[in-house]
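Visitor: Shown below is the structure under consideration.
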Amino acid sequence: MGTKGNGQGRYAHLTTAGSVRDIVEHPAFESFSQLILPTEQDTRYLDTPLSNVRSLMPYHGHVHPDTVVGALNRMIDDVNDGKAVFYDFYAEQQKRDDFAKENTGLFFYRGEKGAPFAIVCPGGGFSYIGSLHEGYPLALEISKKKYNAFVIRYRIGSQQKATEDLAAAITYIFENAEALGVSTAGYSLWGGSAGARMVGNIALSGVAAYQGDDLPKPSTAVIAYTGQSSFSEDFPPTFMTTSANDGIANVLSVDRRVKNLCEAGVEVEYRRYRTAGHGFGLGTGTDAEGWLDLAVQFWEKHLNETISH
Numbered sequence: 001m002g003t004k005g006n007g008q009g010r011y012a013h014l015t016t017a018g019s020v021r022d023i024v025e026h027p028a029f030e031s032f033s034q035l036i037l038p039t040e041q042d043t044r045y046l047d048t049p050l051s052n053v054r055s056l057m058p059y060h061g062h063v064h065p066d067t068v069v070g071a072l073n074r075m076i077d078d079v080n081d082g083k084a085v086f087y088d089f090y091a092e093q094q095k096r097d098d099f100a101k102e103n104t105g106l107f108f109y110r111g112e113k114g115a116p117f118a119i120v121c122p123g124g125g126f127s128y129i130g131s132l133h134e135g136y137p138l139a140l141e142i143s144k145k146k147y148n149a150f151v152i153r154y155r156i157g158s159q160q161k162a163t164e165d166l167a168a169a170i171t172y173i174f175e176n177a178e179a180l181g182v183s184t185a186g187y188s189l190w191g192g193s194a195g196a197r198m199v200g201n202i203a204l205s206g207v208a209a210y211q212g213d214d215l216p217k218p219s220t221a222v223i224a225y226t227g228q229s230s231f232s233e234d235f236p237p238t239f240m241t242t243s244a245n246d247g248i249a250n251v252l253s254v255d256r257r258v259k260n261l262c263e264a265g266v267e268v269e270y271r272r273y274r275t276a277g278h279g280f281g282l283g284t285g286t287d288a289e290g291w292l293d294l295a296v297q298f299w300e301k302h303l304n305e306t307i308s309h
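Residue 3 in the UniProt record's numbering sits at position 3 of the sequence shown, and the numbers go up by one each step.
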C-alpha cells in the first residue's frame with residue numbers, strides 16, 4: 001500500500017481495508033504524514049483499521065471511513081499530479097524558537113485558480129485535531145464548488161496558541177496569494193467546536209490581535225456546534241449550525257449566541273438540527289446532511305457583496 005507500484009508510476013490510493021500505519025508510511029505524505037492524524041508522534045493507533053478510524057476522534061460522531069479515505073486520496077491524486085498539498089506557515093527560525101510550531105501547517109485542496117479561499121479549523125477540544133472527519137472532507141467539498149480550501153494544523157493544548165496559528169496562516173496566505181493561486185477577497189473561516197472558537201476569536205478581534213498582520217476580517221464566519229459568548233456589532237456575517245441532541249456543546253448556549261448576534265445587528269443564518277449529535281462533520285446520514293451546501297451559499301452571498309464593494 002502507498003507505493004508507486006501500480007505500473008503507472010503513481011502512488012496508490014488508501015483503502016478502508018488498510019490501517020493508520022498506511023497513512024503514516026505513505027510516501028505521498030512522506031514529510032508531513034504525522035500531521036495528518038489527530039495527534040502527532042502517537043504510535044498507539046498505527047495498527048487501527050481505517051474502518052475504525054472513528055476511534056481516533058472520541059469527540060466526533062457519524063465518522064464515515066469511506067469519506068475519510070476519499071478525502072485523503074484526493075491529496076494523493078494531487079501529489080501524483082505534481083502539486084504541493086502541504087505548506088508551512090511558520091518560518092524555520094520561528095519553529096526553532098518554538099518547537100511546538102513544527103506541528104503546524106496548511107493542507108491545500110485546490111479549487112479554481114484565482115478563486116477565493118476558505119480555511120477549515122477542525123475541532124477536538126484542543127486535545128486532538130479531527131481533520132480526518134471535520135477538516136479534509138469539508139475542504140474537499142468546498143473545493144468541488146470551485147473555491148480554494150485549506151485545512152489548518154494548529155498547536156494543541158491552548159486556544160490562544162491555536163488562534164495565533166490561525167492568524168499566522170491567514171497572514172501566510174495573504175502574503176503568498178499569487179503563488180498559491182488564490183484570491184484574498186472575501187475569504188471565509190470555518191470551524192467546528194474548538195475550531196469554531198478559533199474562528200470566533202478572529203471574527204471578533206481580527207488577525208492582528210493574535211500576532212498576525214493587520215488584515216481584513218473574514219467576509220463570513222461558519223461556526224459549528226459551539227456557544228462562545230463574545231460578540232460585537234462588527235462581527236462578520238455568520239452561519240451557525242448545531243444539533244439539539246449535542247452532548248458536548250449545550251444547544252441553549254448556541255441559541256443564546258445566535259440571539260445575541262442578531263440583536264447586535266449581525267446577519268446570521270442558523271441551522272438547528274435534531275439528531276446529528278456533536279462533531280457531525282458533513283452530517284452524512286443525519287438530518288444535518290447538506291448543511292455545507294447552505295453554508296457555501298451564505299458565504300457566496302457575502303462574498304459577492306465584498307467583491308461588489
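Just so it is clear, CB atoms sit at the ideal spot from N, CA and C, and this is done for glycine as well.
#1: Looking at Thr226 and Ser183, is the spacing between their C-beta atoms short of 7 angstroms?
#2: Once DSSP output is grouped into helix, strand and coil, what is the label at Met240?
#3: Take Val79 and list the residues in its own chain whose beta-carbon comes closer than 7 angstroms to its own, dropping the five residues that flank it on each side.
#4: DSSP on Gly7, reduced to helix/strand/coil?
#5: Looking at the strands, I want to know which residues DSSP matches up with Ala221.
#6: List the residues that DSSP assigns as beta-bridge partners of Tyr87.
#7: Classify Ala208 as buried or exposed, calling it buried when 16 or more other Cβ atoms lie within 10 Å of its own Cβ.
#8: Would DSSP call Glu269 helix, strand or coil?
#9: Is the beta carbon of residue 366 less than 7 angstroms from the beta carbon of Ala179?
#10: Assess contact between the segment 120-131 and the segment 156-165, defined as three or more Cβ pairs (one per stretch) separated by less than 8 angstroms. Is contact present?
#11: Please state the DSSP three-state secondary structure of Thr184.
#12: Can you look up Ala149 in the DSSP assignment and give me helix, strand or coil?
#13: Using the Cα positions of Lys259 and Gly200, report the straight-line distance between them to the nearest angstrom.
#14: With respect to 6 angstroms, is the separation between the Cβ of Ala177 and the closest non-hydrogen atom of the ligand MN below this value?
#15: Consult DSSP for Val63 and reduce its assignment to one of helix, strand or coil.
#16: Tell me, which residues are paired with Val120 by DSSP?
#17: Three Cβ pairs or more, each shorter than 8 angstroms: is that satisfied between the segment 59-67 and the segment 86-103?
#18: Please state whether the Cβ-Cβ distance between Gly277 and Glu134 is less than 7 angstroms.
#19: Helix, strand or coil for Ser158 per DSSP?
#20: What residue from Ala221, Lys217, Asp165 has the CA that sits closest to Gln94's CA?
#21: Using 8 angstroms as the cut-off, can you tell me whether the segment 244-259 makes contact with the segment 290-309, which would need three or more C-beta pairs spanning the two stretches below that distance?
#22: How is Pro27 classed by DSSP in three states: helix, strand or coil?
#23: Here's a check: name, in chain order, each residue in its chain whose Cβ is nearer than 6 angstroms to the Cβ of Pro237, leaving out the five neighbours to either side.
#24: Any idea what DSSP makes of Met75, helix, strand or coil?
#25: Sorted by chain position, which residues of the same chain lie with C-beta nearer than 6 angstroms to Val20's C-beta, five sequence neighbours on each side aside?
#26: How big is the Cα-Cα spacing for Leu189 and Asp97?
#27: So if DSSP puts Ser19 in a beta bridge, which residue, or which two residues, is it bridged to?
#28: Rounded to whole angstroms, what is the Cα-Cα separation between Ala168 and Ile152?
#29: Does DSSP put Asn80 in a helix, in a strand, or in coil?
#30: When you compare each of Glu305, Pro216, Ile223 to Tyr270 by their alpha carbons, which one comes out closest?
#31: Should Ala17 be labelled buried (16 or more other beta-carbon atoms within 10 Å of its own) or exposed?
Guide: Working from what's here:
#1: Indexing the sequence shown from 1 puts residue 183 at position 183. Indexing the sequence shown from 1 puts residue 226 at position 226. Result no, Cβ atoms of Ser183 and Thr226 do not sit closer than 7 angstroms.
#2: As a position in the sequence shown, residue 240 is number 240, starting the count at 1. Correct three-state label for Met240: strand.
#3: The residue given as residue 79 occupies position 79 in the sequence shown. Counting only Cβ-Cβ distances below 7 angstroms, and skipping sequence neighbours, we find Tyr11, Ala28, Val85.
#4: Within the sequence shown, numbered from 1, the residue matching residue 7 stands at position 7. Low confidence applies to Gly7: its pLDDT is 42, below 50, so where it sits in the model is not reliable, and the reading given next is rough at best. Of the three classes helix, strand and coil, the one that applies to Gly7 here is coil, per DSSP.
#5: By one-based count along the sequence shown, residue 221 stands at place 221. In the DSSP output, where bridge partners are listed per residue, Ala221 has Leu189, Thr238.
#6: As a first step, residue 87 must be located in the sequence shown, where it is residue number 87. Paired residue(s): Leu106.
#7: To locate residue 208, count along the sequence shown from 1; it is residue 208. When all chains shown are included, Ala208 counts as exposed.
#8: As a first step, residue 269 is located in the sequence shown; it is residue number 269 there, counting from the start. Strand.
#9: Coverage of the chain is limited to positions 1 through 309, which leaves residue 366 absent and any answer about it impossible.
#10: yes
#11: Here residue 184 refers to the residue found at position 184 of the sequence shown. Strand.
#12: Translated into positions along the sequence shown, residue 149 becomes position 149. Looking at Ala149 - three-state DSSP - the assignment turns out to be strand.
#13: In the sequence shown, the residue the question calls residue 259 occupies position 259. In the sequence shown, the residue the question calls residue 200 occupies position 200. Each residue's Cα considered, the two are about 16 angstroms apart.
#14: Looking for the ligand MN in the displayed structure turns up nothing, as the structure carries no ligands at all.
#15: Your numbering for residue 63 matches position 63 in the sequence shown. Val63: coil per DSSP, three-state reduction.
#16: Here the question's residue 120 lines up with position 120 in the sequence shown. DSSP, once it has assigned bridges, lists Val151, Trp190 as partnering Val120.
#17: no
#18: Along the sequence shown, read from residue 1 onward, the residue named residue 277 stands at position 277. Along the sequence shown, read from residue 1 onward, the residue named residue 134 stands at position 134. It is not a contact, given that the beta carbons lie outside the stated cut-off.
#19: If you number the sequence shown from 1, residue 158 lands on position 158. Looking at Ser158 - three-state DSSP - the assignment turns out to be coil, as it is neither helix nor strand.
#20: Position 94 of the sequence shown, counted from the start, is the residue given in the question as residue 94. Minimum Cα distance to Gln94 is reached at Asp165.
#21: no
#22: Within the sequence shown, residue 27 is the residue found at index 27, counting from 1. It is helical.
#23: Taking the first residue of the sequence shown as position 1, residue 237 is located at position 237. Cβ neighbours of Pro237 beyond the five flanking positions: Thr220, Glu267, His302.
#24: Reading the sequence shown from its first residue, position 75 is the one you call residue 75. Helix at Met75.
#25: As a first step, residue 20 is located in the sequence shown; it is residue number 20 there, counting from the start. So the qualifying residues of the chain are Tyr45, Leu46, Thr48.
#26: By one-based count along the sequence shown, residue 189 stands at place 189. By one-based count along the sequence shown, residue 97 stands at place 97. If I take the Cα positions, the gap works out to 28 angstroms.
#27: By 1-based counting over the sequence shown, the position of residue 19 is 19. According to DSSP, Ser19 bridges with Pro49.
#28: Residue numbering aside, residue 168 sits at position 168 when the sequence shown is read from its first letter. Residue numbering aside, residue 152 sits at position 152 when the sequence shown is read from its first letter. Taking the straight line joining both Cα atoms gives about 10 angstroms.
#29: If you number the sequence shown from 1, residue 80 lands on position 80. Three-state DSSP puts Asn80 in a helix.
#30: Along the sequence shown, one-based indexing puts residue 270 at 270. Ranking Glu305, Pro216, Ile223 by Cα distance to Tyr270 puts Ile223 first.
#31: Stepping through the sequence shown from its first residue, residue 17 is reached at position 17. Exposed is the call here.
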